[in-house]
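S.K.: Below is the structure I would like to discuss, written out as C-alpha cells.
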Amino acid sequence: MPLALYDTWSRTLRAFTPIQADHVGLYCCGPTVYDHAHIGNLRTYVFEDVLRRVLALNGYAVRHVVNITDVGHLVSDADEGEDKMEKGSRRTGESAWAIAERYTADFMSDWRALNLLEPTVWCRATDHIAEQIEFIAELERKGYTYRTADGVYFDTGKQDDYGFLARLDIAGLQAGKRIALGEKQRATDFALWKFGPPDTMRQMEWDSPWGRGFPGWHIECSAMSAKYLSPWFDIHCGGEDHIAVHHSNEIAQTQARHGTRLANFWMHGHFLTLDAGKMSKSGGDFVRLQTLIERGIDPLAYRYLCLSAHYRSSLRFNADALDAAQSALDRLRRTYVRWPDGGTPDLDFSARFQAEVDQDLNLPRALAVLWEVVRSDLPAATRRATVDRFDAVFGLRLTEWKEDAVAVPVDIAHIADEREKARAAKDWNEADRLRDHLRAEGWHVEDSASGQVLRRLDKMQ
Ligand code: AMP
Ligand code: ZN
C-alpha cells in the first residue's frame, strides 16, 4: 500500500508521489511572532513534523521550509486594524524588532523541546522584502492589482476559481457584504502592500514603487516558497484556519504570477480546543508549553498527547488528557529502558506500523501497534529494535531517556525543603506529615547520607 495523504484541494485521500523522484518540497506556514506560541499552534507543528518523518520513512529526502511572520499580519483578516507586531510592541513597550527577535527565540526553544526536526530553511518575512516587492510588481504588470488610498490590492475578480480551496461561496460573500469594504472592490480582495500612515513613521516600513509601507501578510509565503522550493512543489501545510483566507490568497497570487496553485497537496491540521472553546493567540487566554513544563509536565508528554489524536480531528485539551499522556509515556519509558540492545525489528509489526502511518498519518492506530509490541511475547531485544524503528516517527526520544531524568516540580521541591527543615529541627511529626503530603502528590521521599531523594511513585516498581 503506497503512502496516501488527504488533500484539502481535492477533498480526497490521494496516493502520494513526489513531483521530482525521491525529493519532497514541504512548506509550512510558521508563527506570527508578536506573542508566544500556544500549545494549539504547536499541535500543528507536531502534525507537520510527523508528516516529515513519515515521508522520510518512505525513503524521501525532504526539503522543509518554515517562515517566520514578523511583519504585515493585521489584527483583522479583512486587511484592517493594526499590524500585530506594532500592537505587540505597544503591549510590551519593546520595539517591534525586539519582540520579533524574542518571540522567535522562544518559539525555537518550544520547537526543540517538542523534538521537532530542524527545518532545512527558516525564512523571515522582513528578510525578503525585495522578493515580495518584485512579486507584487509582476502581479501589477499582469493586471491583477489596483490601488486604493491605503494600499495596493489583489483583484480576486480576475480569477474564476478564486477560493476553490475553501469552496468559498463568492456570490454569497458579495451579496452578504458583512465586512466593511472601504475602497476594496470585493470582500475577497486583499492587500499586497499597505501604505504607512502619512503622519507617523511605523517601526517596520520600507520604500517601494508604490510608496513607503509594508507587505500584506499573504505575499510572503508565495514569494518565499517560490524562492526556496519552486512555484510548484509537493506539499503545503498549515492549520485549518488558513484554508479560507491565507491559503486561498497564496494560491490566487501564485496562480496569477506563475500559473500554479503552489502545491500538489494541501494539508491542514485541525485545532486544539480548550474546554472553553478554541484556543487563539488574540484571545489572550492561552496555554504555553512553558506553562506545562513549570507544572512538571514533560514537553514530550504533550507530543504524545498530540500523537494520540488524528490530525484531522479536533483535540480537546484538558488536564486529565495530559496526565493520561504523561502516564502512558512514563510507562513506555520504564518498560523500554529495561530492554537490551542488539535485536532486529520484527517485520510483521513493522509492516503493520507502516500501513497505519501511510494511511494519512494514522498515529493513534500506530500507537496502538506500539502498545501491542510492548505487551507481546517477542524477545525484549526484538521489542526494543522494533520500537526504535517506530520512534523515528513518534519522536519521543526513547533512546535518550534516563530513569533519573525526571524534573522535580517547584511546589514539590518546596514541600521537600520544608520537610528537611522539620527533620533538622527534630520535629518528627511535621516531617512525617510532609512525607504523607508528598506521597499524596505522587512522590516518594527517601533519606540518604547526601540528603533526601525524591522519586515519582509511578516510576517505582
Ligand atoms: P499563527 O502564529 O497565529 O500565524 O499560527 C501558527 C500556526 O498555528 C498556523 O498554522 C495556524 O493555523 C495554527 N493554529 C492556530 N491556532 C491553532 C489551534 N488552536 N490549534 C491548532 N493549530 C492552530
Ligand atoms: Zn503562509
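Its first residue numbered 1, the sequence shown is counted upward by one per residue in the UniProt record's numbering.
Positions of the beta carbon are idealized from the N, C-alpha and C atoms, including for glycine.
Looking at the ligand AMP, does it come within less than 7 Å of Asn-58, judged from the CB to the closest heavy atom?
M.R.: As a first step, residue 58 is located in the sequence shown; it is residue number 58 there, counting from the start. Not so, every heavy atom of the ligand AMP lies at least 7 Å from the Cβ.
S.K.: Taking DSSP as the reference, what is the three-state secondary structure of Asp-298?
M.R.: Residue numbering aside, residue 298 sits at position 298 when the sequence shown is read from its first letter. Of the three classes helix, strand and coil, the one that applies to Asp-298 here is coil, per DSSP.
S.K.: When the distance is taken between beta carbons, is Ala-431 closer than 8 Å to Arg-439?
M.R.: What you label residue 439 is simply residue 439 of the sequence shown in a count that begins at 1. What you label residue 431 is simply residue 431 of the sequence shown in a count that begins at 1. Taking C-beta atoms as the reference points, Arg-439 and Ala-431 fail to come closer than 8 Å.
S.K.: For a minimum of 4 consecutive residues, which ranges assigned as the alpha helix (DSSP H) are wholly contained in the stretch 235-268?
M.R.: 248-258
S.K.: Pick out whichever of Arg-455, Glu-372, Ser-10 and Leu-347 has its Cα sitting closest to the Cα of Phe-164.
M.R.: Here residue 164 corresponds to residue number 164 of the sequence shown, with the count starting at 1. It is Ser-10 whose Cα lies nearest to the Cα of Phe-164.
S.K.: Measuring alpha carbon to alpha carbon, tell me which of Glu-82, Trp-111 and Glu-140 ends up nearest Thr-254.
M.R.: Along the sequence shown, read from residue 1 onward, the residue named residue 254 stands at position 254. The option with the nearest alpha carbon to Thr-254 is Glu-140.
S.K.: Counting pairs of beta carbons, one from the stretch 21-41 and one from the stretch 85-98, are three or more of them closer than 8 Å?
M.R.: yes
S.K.: Starting from Val-65, follow its DSSP beta bridges and name the residues at the other end.
M.R.: Walking along the sequence shown from the start, residue 65 turns up at place 65. Tyr-27 and Val-121, per the DSSP bridge assignment.
S.K.: Is the CB-CB distance between Ser-308 and Leu-396 below 8 Å?
M.R.: One-based indexing of the sequence shown puts residue 308 at position 308. One-based indexing of the sequence shown puts residue 396 at position 396. No, these two residues do not count as a Cβ contact at 8 Å.
S.K.: Does the beta-carbon distance from Ile-68 to Arg-124 come in below 8 Å?
M.R.: Here residue 68 refers to the residue found at position 68 when the sequence shown is read from its first residue. Here residue 124 refers to the residue found at position 124 when the sequence shown is read from its first residue. Closer than 8 Å, so yes.
S.K.: Just checking Glu-114 against the ligand AMP - is the residue's beta carbon closer than 7 Å to any of the ligand's heavy atoms?
M.R.: For this step, residue 114 is matched to residue 114 along the sequence shown. It should be noted that the sequence gives Leu, not Glu, for residue 114. No, the beta carbon of Leu-114 sits no closer than 7 Å to any heavy atom of the ligand AMP.
S.K.: Between which two residues does the alpha helix (DSSP H) harbouring Cys-286 extend?
M.R.: For the purposes of this step, residue 286 is identified with residue 286 of the sequence shown, where counting begins at 1. The question names Cys, but residue 286 is Phe in the sequence shown. Element bounds for Phe-286: n/a, residue is neither H nor E.
S.K.: Please go through the same chain and pick out, in chain order, the residues whose beta-carbon is closer than 6 Å to the beta-carbon of Trp-339, but skip the five residues on each side of it.
M.R.: Numbered from its first residue, the sequence shown carries residue 339 at position 339. Excluding sequence neighbours, Trp-339 sits near Ala-380, Arg-383 and Arg-384.
S.K.: Enumerate in chain order the residues of its own chain whose CB-to-CB distance from Gly-284 is below 6 Å, with the five nearest sequence positions on each side excluded.
M.R.: For this step, residue 284 is matched to residue 284 along the sequence shown. At Gly-284, the pLDDT of 47 sits below 50, so the modelled position is not reliable; the number obtained from the coordinates is stated separately. So the list is empty, once near-sequence residues are dropped.
S.K.: Under the assumption that Thr-188 contacts Ile-170 (Cβ atoms under 8 Å), give the Cβ distance between them as a whole number of angstroms.
M.R.: In the sequence shown, the residue the question calls residue 188 occupies position 188. In the sequence shown, the residue the question calls residue 170 occupies position 170. Contact holds; Cβ gap of about 7 Å.
S.K.: In whole angstroms, what is the alpha-carbon distance linking Phe-214 and Ile-129?
M.R.: Here residue 214 is taken as the residue at index 214 of the sequence shown, counted from 1. Here residue 129 is taken as the residue at index 129 of the sequence shown, counted from 1. If I take the Cα positions, the gap works out to 8 Å.
S.K.: Excluding sequence positions up to five away, which residues of its chain have a Cβ less than 8 Å from the Cβ of Leu-57?
M.R.: Taking the sequence shown and counting its residues from 1, one reaches residue 57 at position 57. These residues qualify, in order along the chain: Gln-354, Val-357, Ala-392 and Val-393.
S.K.: Helix, strand or coil for Leu-5 per DSSP?
M.R.: Within the sequence shown, residue 5 is the residue found at index 5, counting from 1. If DSSP states are grouped into helix, strand and coil, Leu-5 belongs with the strands.
S.K.: Starting from the C-beta of Trp-266, find all residues in its chain whose C-beta is less than 7 Å away, skip the five residues before and the five after it, and write them out in chain order.
M.R.: Your numbering for residue 266 matches position 266 in the sequence shown. Correct list, in chain order: Asp-7, Thr-8, Trp-9, Leu-165, His-236 and His-247.
S.K.: Please report how far the alpha carbon of Gly-424 lies from the alpha carbon of Ile-415, in whole angstroms.
M.R.: Within the sequence shown, the letter at position 424 stands for residue 424. Within the sequence shown, the letter at position 415 stands for residue 415. According to the sequence shown, residue 424 is Ala rather than Gly. In a straight line, the C-alpha of Ala-424 is about 14 Å away from that of Ile-415.
S.K.: Any heavy atom of the ligand AMP closer than 7 Å to the Cβ of His-242?
M.R.: Position 242 of the sequence shown, counted from the first residue, corresponds to residue 242. His-242: yes, Cβ under 7 Å from the ligand AMP.
S.K.: Can you tell me whether Trp-428 is helix, strand or coil according to DSSP?
M.R.: Residue mapping note: residue 428 aligns to position 428 of the sequence shown, counting from 1. Note: Trp-428 maps to helix in three-state DSSP.
S.K.: What first and last residue would you give for the beta strand (DSSP E) that runs through Arg-90?
M.R.: The residue labelled residue 90 in the question sits at position 90 within the sequence shown. Here Arg-90 belongs to no beta strand (DSSP E); instead the alpha helix (DSSP H) covers 84-92.
S.K.: What do you reckon, are the CB atoms on Val-62 and Val-24 nearer than 8 Å?
M.R.: For the purposes of this step, residue 62 is identified with residue 62 of the sequence shown, where counting begins at 1. For the purposes of this step, residue 24 is identified with residue 24 of the sequence shown, where counting begins at 1. It is a contact, given that the beta carbons lie within the stated cut-off.
S.K.: Gly-238: beta carbon under 7 Å from a heavy atom of the ligand ZN?
M.R.: Position 238 of the sequence shown holds residue 238. Yes; taking the cut-off as 7 Å, the Cβ of Gly-238 has a heavy atom of the ligand ZN nearer than that.
S.K.: Under 7 Å Cβ to Cβ from Gln-359, same chain only, skipping five residues before and after it: list those, please.
M.R.: For this step, residue 359 is matched to residue 359 along the sequence shown. Correct list, in chain order: Ala-4.
S.K.: Give the secondary structure of Lys-194 by DSSP, where H, G and I count as helix, E and B as strand, and everything else as coil.
M.R.: By one-based count along the sequence shown, residue 194 stands at place 194. Reduced to three states, the DSSP call for Lys-194 is strand.
S.K.: Give the DSSP-derived three-state secondary structure of Gly-81 in the structure shown.
M.R.: Taking the sequence shown and counting its residues from 1, one reaches residue 81 at position 81. Coil at Gly-81, not helix or strand.
S.K.: What did DSSP end up calling Arg-316 once you bin it into helix, strand or coil?
M.R.: If you number the sequence shown from 1, residue 316 lands on position 316. Looking at Arg-316 - three-state DSSP - the assignment turns out to be strand.
S.K.: Given 8 Å as the limit, is there contact between the stretch 370-378 and the stretch 343-353, that is, 3 or more CB pairs closer than that?
M.R.: yes
S.K.: Does the distance from the C-beta atom of Trp-217 to that of Ile-136 stay below 8 Å?
M.R.: Start at 1 with the first residue of the sequence shown, and residue 217 comes out as number 217. Start at 1 with the first residue of the sequence shown, and residue 136 comes out as number 136. Inclusion of Trp-217 and Ile-136 in the CB contact set at 8 Å is not warranted, their separation being larger than that value.
S.K.: Does the ligand AMP have a heavy atom nearer than 7 Å to the CB of Phe-154?
M.R.: The residue labelled residue 154 in the question sits at position 154 within the sequence shown. Phe-154 Cβ: outside cutoff for every heavy atom of the ligand AMP.
S.K.: Between the Cα of Gly-157 and those of Asp-323, Val-410, Gly-269 and Asn-249, spot the shortest distance and give me the residue it belongs to.
M.R.: For the purposes of this step, residue 157 is identified with residue 157 of the sequence shown, where counting begins at 1. Closest by alpha carbon: Asn-249.
S.K.: My understanding is that Glu-131 touches Met-201, with C-beta atoms under 8 Å, so please give their C-beta distance in whole angstroms.
M.R.: Taking the sequence shown and counting its residues from 1, one reaches residue 131 at position 131. Taking the sequence shown and counting its residues from 1, one reaches residue 201 at position 201. So it is not a contact: roughly 23 Å between Cβ atoms.
S.K.: Ordered along the chain, which non-local residues of its own chain (more than five positions away) have a Cβ less than 8 Å from that of Ser-222?
M.R.: Position 222 of the sequence shown, counted from the first residue, corresponds to residue 222. Cβ contact annotation for Ser-222 (same chain, cutoff 8 Å, sequence separation greater than five): Phe-135, Glu-250, Gln-253, Thr-254, Arg-257 and Leu-262, in chain order.
S.K.: Going by DSSP, name the residue or residues bridged to Arg-435.
M.R.: In the sequence shown, residue 435 corresponds to position 435, counting from 1. Its beta-bridge partners do not exist; DSSP assigns none.
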